[in-house]
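Q: So the sequence shown is numbered by my numbering: it starts at 3 and just counts up by one.
Below you will find the structure I want to go over with you.
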Amino acid sequence: MSDAREADEPRHTSDAADSPREQGDAAAVTERNPDQDGGRRKYGPLGTVLVIIPTYNEAENIRPIVERVRESVPEAHVLVADDNSPDGTGKVADEIAVEDDHVHVLHRKGKEGLGAAYLAGFRWGIEHGYGVLVEMDADGSHQPEELPRLLTALKGADLVIGSRWVPGGRIVNWPKRREYLSRGASTYSRILLDVPIRDVTAGFRAFRKETLEGLGMDAVASQGYCFQIDMAWRAVKAGFHVIEVPVTFVERERGDSKMSRDIVTEAFWRVATWGVSSRANKLLGRDPS
Ligand SMILES: Nc1nc2c(ncn2[C@@H]2O[C@H](COP(=O)(O)OP(=O)(O)OP(=O)(O)O)[C@@H](O)[C@H]2O)c(=O)[nH]1
Ligand SMILES: [Mg+2]
């Protein structure tokens, strides 16, 4: 792993409007009220950005995606969270980290799923003083060139989701069955969990550090699709302000998908269980959290 960043390293800055609503390209979906100032929530500066890229067998993809992140948001740092990929992704990431002091690598023992890799990456980022933690896939589905828009929106939010299913969001080359699965999973979760987010399984997200600290991530045990649903639901329940920004999602061109029947089944059952227990708690007047 390359050295941790220094405390005075540059922060993400942008000249764009403070509120994404002023830019007209984001849909505000949840509201929170605690620190309001004249009806308008006050947000602190973003701090340094860490883009976390979980990898399992992404040797062909990792270099181009890291390069695109570094070009799109030069101040940002990158953390590759690799689960000891048999194809040597971790070694390629180490080579990049030697060449570029903004790139770090978290080597994990073995394949434990996307959720566990992100949680380890979040903890690493918070311990090393980053103010913004970004989730992004290695396969090019999430375009680094769209990251500045997410970060600008985060100036007026606690969590920003790069969304396929809000006006302006697009998918490119995605098979119809994947689209139906993704839309269906979002609708199912939205109804069962009462989460007002259009793309609740999206994996392109920017969190303020304080959001991760406040949503109880230590209790998160879910993986895959379900990890993303779990995190979004927790953020909404904790009262955080979540914004969806439209993005273009591009089907991977190289390497294999890790999406499996198990990941879909896990999401189906966990969401059903959460939905039933949260409704029962509401009916019984218990604390819904
Ligand atoms: N560290 C780690 N990364 C993983 C694991 N499973 C998937 N990933 C990474 O998580 C990201 C998303 O995985 P994908 O296989 O693209 O899954 P997906 O985007 O939900 O599915 P597709 O749309 O089919 O690509 C990629 O960067 C993967 O390499 C895992 O067990 N450990
Ligand atoms: Mg993918």
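Don't be surprised by glycine CBs; every beta carbon is placed ideally from N, CA and C.
When DSSP labels each residue in this structure, what does R210 get in the three-state scheme?
A: Taking the sequence shown and counting its residues from 1, one reaches residue 210 at position 208. Reduced to three states, the DSSP call for R210 is strand.
Q: Check whether the Cβ of S143 lies closer than 7 Å to any heavy atom of ligand 2, and answer yes or no.
A: Working through the sequence shown from its first residue, we reach residue 143 at position 141. For ligand 2, at least one heavy atom lies less than 7 Å from the Cβ of S143.
Q: What are the uninterrupted segments assigned as alpha helix (DSSP H) that are 4 or more residues long and contained completely in the stretch 45-119, given in chain order?
A: With a minimum length of 4 residues, the continuous alpha helix (DSSP H) runs that stay inside the stretch 45-119 are 61-74 and 91-101.
Q: Note down the Cα distance separating H104 from A78, rounded to an integer number of angstroms.
A: In the sequence shown, the residue the question calls residue 104 occupies position 102. In the sequence shown, the residue the question calls residue 78 occupies position 76. Computed Cα separation, rounded: 7 Å.
Q: Under the DSSP definition of a beta bridge, which residues are partnered with V197?
A: If you number the sequence shown from 1, residue 197 lands on position 195. According to DSSP, V197 bridges with nothing at all.
Q: I193: buried (16+ other C-beta within 10 angstroms of its C-beta) or exposed?
A: In the sequence shown, the residue the question calls residue 193 occupies position 191. With fewer than 16 other Cβ atoms within 10 Å, it is exposed.
Q: For A122, I'd like the list of residues in its chain whose CB is within less than 8 Å of its CB, leaving aside the five on either flank, ordered along the chain.
A: Position 120 of the sequence shown, counted from the start, is the residue given in the question as residue 122. So the qualifying residues of the chain are A83, L108 and R110.
Q: Within the stretch 172-197, note down every full alpha helix (DSSP H) run reaching 4 residues or more, in order along the chain.
A: For the stretch 172-197, whole alpha helix (DSSP H) runs of length 4 or above, ordered along the chain, are 178-195.
Q: Can the beta-carbon of G159 be found closer than 8 Å to that of I245?
A: Looking up residue 159 in the sequence shown gives position 157. Looking up residue 245 in the sequence shown gives position 243. The displayed chain sequence assigns Ala, not Gly, to residue 159. Contact: yes.
Q: The beta strand (DSSP E) that contains E246, what's its start and end?
A: In the sequence shown, counting from the first residue as 1, residue 246 sits at position 244. First-last of the beta strand (DSSP E) with E246: V244 to P248.
Q: Comparing alpha-carbon positions, which option in I163, R288 and A208 lies nearest T50?
A: Sequence index remark: in the sequence shown, residue 50 carries index 48 (1-based). T50 has its Cα closest to that of A208, out of I163, R288 and A208.
Q: Count the other CB atoms, across all protein chains shown, that sit within 10 Å of the CB of K211; report buried if there are 16 or more and exposed otherwise.
A: Position 209 of the sequence shown, counted from the first residue, corresponds to residue 211. Under this definition K211 is a buried residue.
Q: Determine the contact status of G133 and L48, defining contact as a CB-CB distance below 8 Å.
A: Working through the sequence shown from its first residue, we reach residue 133 at position 131. Working through the sequence shown from its first residue, we reach residue 48 at position 46. Yes, the pair counts as a contact, with Cβ atoms nearer than the cut-off.
Q: Let me check one thing: in DSSP terms, what residues is I128 bridge-paired to?
A: The residue given as residue 128 occupies position 126 in the sequence shown. DSSP lists no partner for I128.
Q: Taking 7 Å as the limit between beta carbons, can you name the residues of its chain near Y58, skipping five residues before and five after?
A: Mapped onto the sequence shown, residue 58 falls at position 56. Closer than 7 Å at the Cβ level, and outside the excluded window around Y58, lie D85, S87, K113 and K260.
Q: To the nearest angstrom, report how far apart V142 and T189 are at their CA atoms.
A: Here residue 142 is taken as the residue at index 140 of the sequence shown, counted from 1. Here residue 189 is taken as the residue at index 187 of the sequence shown, counted from 1. Reading off the sequence shown, one finds Gly at residue 142, where the question assumed Val. Taking the straight line from one Cα to the other gives about 25 Å.
Q: Using alpha carbons as the reference points, say which of E268, V238, H130 and G117 lies closest to E137.
A: Position 135 of the sequence shown, counting from 1, holds the residue named residue 137. When each option's Cα is compared against that of E137, the closest is G117.
Q: Could you tell me the alpha carbon to alpha carbon distance between D96 and I54, rounded to whole angstroms?
A: For the purposes of this step, residue 96 is identified with residue 94 of the sequence shown, where counting begins at 1. For the purposes of this step, residue 54 is identified with residue 52 of the sequence shown, where counting begins at 1. D96 and I54: Cα-Cα distance of roughly 15 Å.
Q: Can you tell me whether DSSP reads L286 as helix, strand or coil?
A: As a first step, residue 286 must be located in the sequence shown, where it is residue number 284. L286 falls in the coil class under three-state DSSP.
Q: Consult DSSP for A269 and reduce its assignment to one of helix, strand or coil.
A: In the sequence shown, counting from the first residue as 1, residue 269 sits at position 267. Reduced to three states, the DSSP call for A269 is helix.
Q: Can you give me the Cβ contacts of I231 inside the same chain, cut-off strictly under 7 Å, excluding the 5 residues immediately before and after it?
A: For this step, residue 231 is matched to residue 229 along the sequence shown. For I231, where only same-chain residues beyond five positions count, the Cβ hits under 7 Å are S191, V202, T203, A269 and V273.
Q: How is R254 classed by DSSP in three states: helix, strand or coil?
A: Within the sequence shown, residue 254 is the residue found at index 252, counting from 1. In the structure shown, R254 sits in coil (DSSP, three-state: anything other than H, G, I, E or B).
Q: Please state the DSSP three-state secondary structure of V162.
A: By 1-based counting over the sequence shown, the position of residue 162 is 160. Strand.
Q: Give the C-beta separation of T250 and V197 to the nearest angstrom, bearing in mind that I take them to be a contact with Cβ-Cβ under 8 Å.
A: Here residue 250 corresponds to residue number 248 of the sequence shown, with the count starting at 1. Here residue 197 corresponds to residue number 195 of the sequence shown, with the count starting at 1. With a Cβ gap of about 23 Å, T250 and V197 do not count as contacting.
Q: What's the C-alpha gap between R288 and L149?
A: Position 286 of the sequence shown, counted from the first residue, corresponds to residue 288. Position 147 of the sequence shown, counted from the first residue, corresponds to residue 149. Answer to the nearest angstrom: the Cα atoms are 39 Å apart.
Q: CA-CA distance, R172 and Y120?
A: Looking up residue 172 in the sequence shown gives position 170. Looking up residue 120 in the sequence shown gives position 118. Distance between the alpha carbons of R172 and Y120: 25 Å.
Q: How many angstroms separate the CA atom of I64 from the CA atom of A140?
A: Here residue 64 is taken as the residue at index 62 of the sequence shown, counted from 1. Here residue 140 is taken as the residue at index 138 of the sequence shown, counted from 1. Using only the alpha carbons, I get a separation of about 6 Å.
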